[in-house]
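Protein chains in written order, with this note's numbering: chain R, 2 to 480; chain L, 48 to 573.
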Amino acid sequence: MSHDAIVIGGGTNGLVAAHLLARAGKRVALIEQRADPFLAGEPGWIPPQLAAELGLPGLLWGRHADPWIAVALEGGGRLELFGDMAKSVEAIRRLSPADAAKWPEFCARMRVLAGVLEQLYVQPAPDVETRQLAELLRLGRLGLRVRRLGRQAMIDLLRILPMSVAELLDEWFEHDALKAAVGAAGVMHLRQGPRSGGTAFVMLHHHVGSPAGVFRPPLSNLGSLLKAASGVELHLGVAVERITVVRGAATGVTLADGRTLTAPLVVSSADPRRTLLGLLEPGWLEPEFARAVGNIKCRGVVAQVTWAVERAGAFDGLAVAPSLTALERAYDDVKYGRVSAEPWLETRWADGRLVAHVQYVPHTPADGAWDDPRRHALGDLVERRLLAHYPELRGVLKERDVETPRDLEARYGWTGGHAYHGELTLDQILFMRPIPGWSRYRTPVRGLYLCGSGAHPGGAIAGGAGRLAARQILEDAGR
Amino acid sequence: MATTWDAIVIGGGHNGLINAAYLARAGRRVLVLERRERVGGAAVTEEIFPGFKFSMFSYVVSLLRPEIIRDLDLPGHGLHILPLESTLTPMLNGDHLATWADHDQSRRELYRHSPRDAEAYDEYGRLMHHMAQAVKPILGMVPPDPTSLRPRDLMGMLRVGKHFRGLGGEQFHAMFKLMTMSSADFLDEWFETDVLKATKSASGIIGTFLGPRSPGTAYVLLHHYMGELDGVFRAWGFAKGGTGSVSEAIAAAARRLGAEVRTGAGVTRLIVQGGRATGVVLESGEEIRARTVVSSLDPRRTFLQLVEAKELPDEFVRDIGRFKFRGSSGKVNLALGALPDFTCMPGAGPHLRGAMSISPSMEYVERAYDDAKYGEFSRQPYMDIVIPSLIDPGMAPPGKHVMSIFVQYAPWNLNGGWTDAKREAFGDAVIDAIERFAPNIRSCILHWQVLTPADIERITGLSEGNIFQGELALHQLFFLRPAPGYARFRTPVRRYYQCGSGTHPGGGIMGASGRLAAMAVLEDGA
Numbered sequence: 002m003s004h005d006a007i008v009i010g011g012g013t014n015g016l017v018a019a020h021l022l023a024r025a026g027k028r029v030a031l032i033e034q035r036a037d038p039f040l041a042g043e044p045g046w047i048p049p050q051l052a053a054e055l056g057l058p059g060l061l062w063g064r065h066a067d068p069w070i071a072v073a074l075e076g077g078g079r080l081e082l083f084g085d086m087a088k089s090v091e092a093i094r095r096l097s098p099a100d101a102a103k104w105p106e107f108c109a110r111m112r113v114l115a116g117v118l119e120q121l122y123v124q125p126a127p128d129v130e131t132r133q134l135a136e137l138l139r140l141g142r143l144g145l146r147v148r149r150l151g152r153q154a155m156i157d158l159l160r161i162l163p164m165s166v167a168e169l170l171d172e173w174f175e176h177d178a179l180k181a182a183v184g185a186a187g188v189m190h191l192r193q194g195p196r197s198g199g200t201a202f203v204m205l206h207h208h209v210g211s212p213a214g215v216f217r218p219p220l221s222n223l224g225s226l227l228k229a230a231s232g233v234e235l236h237l238g239v240a241v242e243r244i245t246v247v248r249g250a251a252t253g254v255t256l257a258d259g260r261t262l263t264a265p266l267v268v269s270s271a272d273p274r275r276t277l278l279g280l281l282e283p284g285w286l287e288p289e290f291a292r293a294v295g296n297i298k299c300r301g302v303v304a305q306v307t308w309a310v311e312r313a314g315a316f317d318g319l320a321v322a323p324s325l326t327a328l329e330r331a332y333d334d335v336k337y338g339r340v341s342a343e344p345w346l347e348t349r350w351a352d353g354r355l356v357a358h359v360q361y362v363p364h365t366p367a368d369g370a371w372d373d374p375r376r377h378a379l380g381d382l383v384e385r386r387l388l389a390h391y392p393e394l395r396g397v398l399k400e401r402d403v404e405t406p407r408d409l410e411a412r413y414g415w416t417g418g419h420a421y422h423g424e425l426t427l428d429q430i431l432f433m434r435p436i437p438g439w440s441r442y443r444t445p446v447r448g449l450y451l452c453g454s455g456a457h458p459g460g461a462i463a464g465g466a467g468r469l470a471a472r473q474i475l476e477d478a479g480r
Numbered sequence: 048m049a050t051t052w053d054a055i056v057i058g059g060g061h062n063g064l065i066n067a068a069y070l071a072r073a074g075r076r077v078l079v080l081e082r083r084e085r086v087g088g089a090a091v092t093e094e095i096f097p098g099f100k101f102s103m104f105s106y107v108v109s110l111l112r113p114e115i116i117r118d119l120d121l122p123g124h125g126l127h128i129l130p131l132e133s134t135l136t137p138m139l140n141g142d143h144l145a146t147w148a149d150h151d152q153s154r155r156e157l158y159r160h161s162p163r164d165a166e167a168y169d170e171y172g173r174l175m176h177h178m179a180q181a182v183k184p185i186l187g188m189v190p191p192d193p194t195s196l197r198p199r200d201l202m203g204m205l206r207v208g209k210h211f212r213g214l215g216g217e218q219f220h221a222m223f224k225l226m227t228m229s230s231a232d233f234l235d236e237w238f239e240t241d242v243l244k245a246t247k248s249a250s251g252i253i254g255t256f257l258g259p260r261s262p263g264t265a266y267v268l269l270h271h272y273m274g275e276l277d278g279v280f281r282a283w284g285f286a287k288g289g290t291g292s293v294s295e296a297i298a299a300a301a302r303r304l305g306a307e308v309r310t311g312a313g314v315t316r317l318i319v320q321g322g323r324a325t326g327v328v329l330e331s332g333e334e335i336r337a338r339t340v341v342s343s344l345d346p347r348r349t350f351l352q353l354v355e356a357k358e359l360p361d362e363f364v365r366d367i368g369r370f371k372f373r374g375s376s377g378k379v380n381l382a383l384g385a386l387p388d389f390t391c392m393p394g395a396g397p398h399l400r401g402a403m404s405i406s407p408s409m410e411y412v413e414r415a416y417d418d419a420k421y422g423e424f425s426r427q428p429y430m431d432i433v434i435p436s437l438i439d440p441g442m443a444p445p446g447k448h449v450m451s452i453f454v455q456y457a458p459w460n461l462n463g464g465w466t467d468a469k470r471e472a473f474g475d476a477v478i479d480a481i482e483r484f485a486p487n488i489r490s491c492i493l494h495w496q497v498l499t500p501a502d503i504e505r506i507t508g509l510s511e512g513n514i515f516q517g518e519l520a521l522h523q524l525f526f527l528r529p530a531p532g533y534a535r536f537r538t539p540v541r542r543y544y545q546c547g548s549g550t551h552p553g554g555g556i557m558g559a560s561g562r563l564a565a566m567a568v569l570e571d572g573a
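Listed below in structure tokens is the structure:
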């Protein structure tokens, strides 16, 4: 049986690409190695155009818990920040009147910059090397848009993007917990500490799609909606073994169970390293290209601990991140291959379970591989730390599952255990993502496209890459 | 009656002197005012102990722009550069990594560590050479203001854009990576030998408050590749007679061109009348008038200390206030009775005539940074060591030697502040760290001088002891150096200019700031 397109991977981006291609009249098969891959409430901003493009108007939502974060304070108590600006200001005032006074302006300035990123994320990455008139005009329009924001915003943009989030926040605020609450967004899924350059950008990246004053990606229902939608043939619980290529063009895939599916289009939402170096027969890529793909940094530093819970409660957005210095020290550990002695923790509620984001955890510990006793010790550390700061969780947390970056790699196929398929460092975004010169979802193999978060605009943008990849594919097909 | 000068240059460091020389060359009557009794700023030679002469702070030369050397005929005024040819990195396991002036010899040595790296080394060198060539025009350019719509700024932005687009895909991407990556990540893409990466990455941390794994250090790596001596790229050397002779040569050139240089003349205040600079007040209370005043001091001193806040826009004062200095390096100068004996390469071989880099592994350098990050000096610091007296015997009495040790990290903002005891402990940590590789070092020492960032600040005036007059971080470069809207060497005060390395393109005895600022002054019709 043959198809028009085969999509590898049933995460949000794979589903979005598959459904957009299906809506354009293509017969699409989607292959997902997991039998039940999706968690409800995946973090990520949904580009606003997607609802209409997918024919799901009014059904999609992206939202935050309110308060979106609660940071345990060192001396007891907590700082809660809300979607409502006045409530946040009031909460901050109890800790620092000076910070409370600056909060609204800070939020407004950051909101403008996140707005610029949103513009960049709903279209293909700017091709700064282009000689084509249409692309030059598009660049010109982007430039004009930025100019229209005014001098302050332009200077902010140039100055802040390469900065460290710690420097940025130190310029504005004095209270440690407030700075940590915002600053943690700057190191999320990054093997850097808050004092590293480029982390201010990462903070803004995670601000995209959220209202002023909310510095975490919204949670969306995009993945679960699409999973249930019709129009795409789903093959669940079976892995892709190989992408087949004949004379430089993709012809389909071979599955782990021996079956083959043929199609002139293969669209992979697996990460670029896995797609191009793992699923492709070696030899189809120029050594230079293969080397660049091999150099994509995707060093996972996040473990996930999931608990079944006794009863529901307001357990969303509970954070243990006392200060930027604490985050920096947590990072120091992972530089030398150790689990942070005092990791950054943040909970979210998903599918009736409590999930903790645990950072920093090495993919490969310096002193030996992950095994059950180590996993168990990590789970204990996280649980102890969480309970120490949030006693209301006592007796609530039941069976626990610990996923180290190594486990995440094994279960979801993410190279290095990196959820974003590639770190969001300044050298790996926009026209540098996934590798320089190949930001348009194409690969050197004809008919093989990338549509995962390893491509522009990267992780935490729900369906962003899938959408742009589908558009590129349809545009190329129309030529 | 008080004479009125065409221009006063505050500060007699290399940039101030170069600025004065160019102004004098254009026929202006120029007066340079230097607070200390000697010119040079951080580029001075001092006889700290009888018979032992030291390049007290800055100790190697490479980045000085060749057009300046030509324009001012510095060789004719006594500048003579002696090449520094090799680098030796002792390793913790007793092995070493060495690079030599002889390319084949270096290649064989690298091959011993990794055949793959020996292959990659040449290609890497070519890339960095191209990258440095690509950045050079930018260094010689007055930064345009991207927020301005004036034709000249728009044209400037267009020129920058065209320049980078002209590089072509591959080089453009490499440039982008260099601007944004950490030196560790950048080098990881090329090499596998840890000690090679550690030694190379060290030039990416010099003068910064960053570790080799911090993004932004790849640019500093490139910055140090821009050196050119007698047309040979990436060559470093000593000035004969110490770094002070670079300053002396520039001062001599400036004097020959008609400039007057006054030492022992610290400036305390800029005189501003009706928003216009008209002169300066000296520590002695003396007032000197001039139609133009140029400051080669760092941005904090230039604006926040010499000028009253009311003369400057609030936004500008805030921008300068948050300009980052964060001095991170110290210096230990040793008078030696005998030569050190390195375990990895015993005896007094040619390796001692080059640089010795204490950067045995990436982790070693990164850990040195970790200490500083939390306000301590590195217990095991990164060091760049040279023994100038082996190449320039006049620097020490016969049979004796001077050793210059550049040390990182030593935070200016040390926990509890710098005291005599802390300075002593810092010096000890430095000697202890060398002792691991050259066990006889202690017995060779006749005298020592330990300079912390606080000492550097006190003696030279460099704020927070930062050797570049402000960190070379991406958000402090080009049109953001030292503040948005004021990267063109002009200031909010009319007829007041800045020419220190706190302006574009930054430090390292490059001199470009001094020269470009002189152009700006002349363009405005001084």
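All residues carry an ideal CB built from backbone N, CA and C; glycine is no exception.
Short Cβ contact (8 Å threshold) for residue i with residue j
{"i": "residue 460 of chain R", "j": "residue 430 of chain R", "result": "no"}
{"i": "residue 251 of chain R", "j": "residue 121 of chain R", "result": "no"}
{"i": "residue 190 of chain L", "j": "residue 230 of chain L", "result": "no"}
{"i": "residue 484 of chain R", "j": "residue 360 of chain R", "result": "Summary: the structure shown does not reach residue 484 of chain R, with chain R confined to residues 2 through 480, and so no result is reported for it."}
{"i": "residue 555 of chain L", "j": "residue 515 of chain L", "result": "yes"}
{"i": "residue 181 of chain R", "j": "residue 327 of chain R", "result": "yes"}
{"i": "residue 195 of chain R", "j": "residue 178 of chain R", "result": "no"}
{"i": "residue 183 of chain R", "j": "residue 216 of chain R", "result": "yes"}
{"i": "residue 114 of chain R", "j": "residue 157 of chain R", "result": "yes"}
{"i": "residue 193 of chain L", "j": "residue 155 of chain R", "result": "yes"}
{"i": "residue 472 of chain R", "j": "residue 456 of chain R", "result": "no"}
Candidates the options, of which the one nearest residue i by Cα
{"i": "residue 406 of chain R", "options": "R:417, R:397, R:400 and R:398", "result": "R:417"}
{"i": "residue 404 of chain L", "options": "L:175, L:529 and L:485", "result": "L:485"}
{"i": "residue 414 of chain L", "options": "R:337, R:237 and R:31", "result": "R:337"}
{"i": "residue 228 of chain R", "options": "R:171, R:36 and R:4", "result": "R:36"}
{"i": "residue 387 of chain L", "options": "L:500, L:378 and L:398", "result": "L:398"}
{"i": "residue 290 of chain R", "options": "R:437, R:452 and R:342", "result": "R:437"}
{"i": "residue 237 of chain R", "options": "R:223, R:258 and R:369", "result": "R:258"}
DSSP state of residue i mapped onto helix, strand, coil
{"i": "residue 72 of chain R", "result": "strand"}
{"i": "residue 277 of chain L", "result": "With a pLDDT of only 48 at residue 277 of chain L, under 50, the local geometry of the prediction cannot be trusted, and the value read off the model is given with reservation. Correct three-state label for residue 277 of chain L: coil."}
{"i": "residue 6 of chain R", "result": "strand"}
{"i": "residue 175 of chain L", "result": "helix"}
Cβ separation of residue i and residue j, assumed to be a contact under 8 Å, to the nearest whole Å
{"i": "residue 504 of chain L", "j": "residue 512 of chain L", "result": "4 Å"}
Nearest-angstrom Cα separation, counted from residue j out to residue i
{"i": "residue 310 of chain L", "j": "residue 81 of chain L", "result": "5 Å"}
{"i": "residue 299 of chain L", "j": "residue 66 of chain L", "result": "13 Å"}
{"i": "residue 91 of chain R", "j": "residue 79 of chain L", "result": "55 Å"}
{"i": "residue 264 of chain R", "j": "residue 470 of chain R", "result": "17 Å"}
{"i": "residue 442 of chain R", "j": "residue 428 of chain R", "result": "17 Å"}
{"i": "residue 160 of chain R", "j": "residue 477 of chain R", "result": "37 Å"}
{"i": "residue 66 of chain R", "j": "residue 207 of chain R", "result": "15 Å"}
{"i": "residue 562 of chain L", "j": "residue 252 of chain L", "result": "26 Å"}
{"i": "residue 20 of chain L", "j": "residue 318 of chain L", "result": "Past the edges of chain L, shown from 48 to 573, lies residue 20 of chain L, and the structure says nothing about it."}
{"i": "residue 88 of chain L", "j": "residue 447 of chain L", "result": "27 Å"}
{"i": "residue 332 of chain R", "j": "residue 227 of chain L", "result": "20 Å"}
{"i": "residue 509 of chain L", "j": "residue 255 of chain L", "result": "14 Å"}
{"i": "residue 148 of chain R", "j": "residue 195 of chain L", "result": "10 Å"}
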